[in-house]
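Some notes on the structure that comes next.
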DNA sequence: GTTGACATGTAACAAGTTACATGATTGA
DNA sequence: TCAATCATGTAACTTGTTACATGTCAAC
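Chains as they are written, first to last, in my numbering: chain A, 585 to 757; chain B, 585 to 757.
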């Protein structure tokens, strides 16, 4: 049911259309939860049918902006405060890291460098977000956590890439 | 298809039964991928039918120990080296962190403390694993990464819990 | 003898992906 | 007018969860 609450949470922060939610799942929620538009639209319809969300504006090109109803806010608060978190994860990159020792040093080095490039790019995006943050923005700590986590990850990946090189990964490049 | 490769990867590290794999998904792979036995047994059957895994031993209580075939090793290597990683994630705890500002200071503080307890417990488990690691164990760097990531996370959670307390979370305990 | 861990499986359902399908609006 | 982006939806399929179902073996 996390998709449902991720949507309720995004709508609580800012009323949005399905299209806008889809982009938010690809940007701000990228590192937390993934969803396609084909999953979002039916869920919005269900939320509306159950009275947790409502259409608050119909705009151009048939767009429908949804906002939370009172019971939507209640359901979200209840989930955040009372429901025990499900700690299970699905993270393919982590599976790959777990299995890197099965690769030859050269392939392993390349895999670490590929991940490093991804983390660097993500860090650049986070820095951009941080610089554009309004001074009263309550979202700053989450950005800070992302930057700190990325710093640790990228240092580790660099160490591992170097170790793989020493083991016979025939040097950088 | 990550489940398939997670299983192939675990079998490459060590031939195992479905029951043993189920426990590994709950322990060593806990922070990367989650799977129940009801998903693992049918997947093992498929892997065998496709010639990627084979039963190498039948033990007590009907247990079947699977190992990789040559083409199983090839499929795994191909995935690790050639297939572009899927970076999308499903992490409910991250969704919750993203939404913490929607809670009142008191509830927020309790949520951070709940997460802190979980991270502390997980850190203790990792330290235990680290101490029991054989000196030649190639898995040590992954444990180290877990410890470093947890250190960053727990420092951040503590800062956030303190901030929530200052905002009106009526003090620890 | 009965509890608990070991061990494997299936069926019904829910969640998520991929592909298909359609149409509006903007800017070059 | 053409391409890109905005905007919503559905259908077929795959993946994952929950619940049901069965049997073995060891220790108490």
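Heads up, the beta-carbon is just placed ideally off N, CA and C, and yes, glycines get one too.
- When the five nearest sequence neighbours on each side are left out, the beta carbons in the same chain lying within less than 6 Å of the beta carbon of residue 714 (chain A) are those of 727, in order along the chain.
- Less than 9 Å separates the beta-carbon of residue 586 (chain B) from that of residue 676 (chain A).
- Residue burial annotation: residue 618 (chain B) is buried, with at least 16 other C-beta atoms found within 10 angstroms of its C-beta.
- Within chain B, no residue has its CB atom less than 8 Å from the CB of residue 704 (chain A), the nearest being about 14 Å off.
- For the region 585–605 of chain A, residues whose beta-carbon sits nearer than 8 Å to a beta-carbon of chain B comprise 586, 589, 590, 593, 596, 597.
- Judged by their CB atoms, residue 687 (chain B) and residue 595 (chain A) are not nearer to each other than the 9 Å cut-off.
- For residue 642 (chain A), the enclosing beta strand (DSSP E) has its first and last residue at 637–642.
- Contact of residue 670 (chain B) with chain A is assigned, a C-beta pair being separated by under 9 Å.
- Judged by pairs of C-beta atoms under 8 Å, the region 690–708 of chain A does not touch the region 606–617 of chain B, as fewer than three such pairs exist.
- Residues of chain B whose Cβ lies closer than 7 Å to the Cβ of residue 662 (chain A) do not exist, since the nearest Cβ in that chain is about 11 Å away.
- Against chain A, the CB of residue 695 (chain B) has a partner CB under 9 Å away; the residue lies at that interface.
- Ranked by Cα distance from residue 670 (chain B), the first of A:707, A:752, A:671, A:680 is A:680.
- Residue 659 (chain A) and residue 627 (chain B) have their C-alpha atoms spaced approximately 36 Å apart.
- In the three-state DSSP reduction, residue 752 (chain A) falls in the coil class, being neither helix nor strand.
- Proximity to residue 620 (chain A) across A:632, A:654, A:606 peaks at A:606, based on C-alpha coordinates.
- Chain B has a Cβ within less than 9 Å of the Cβ of residue 676 (chain A).
- Here DSSP, grouped into helix, strand and coil, assigns residue 617 (chain A) to strand.
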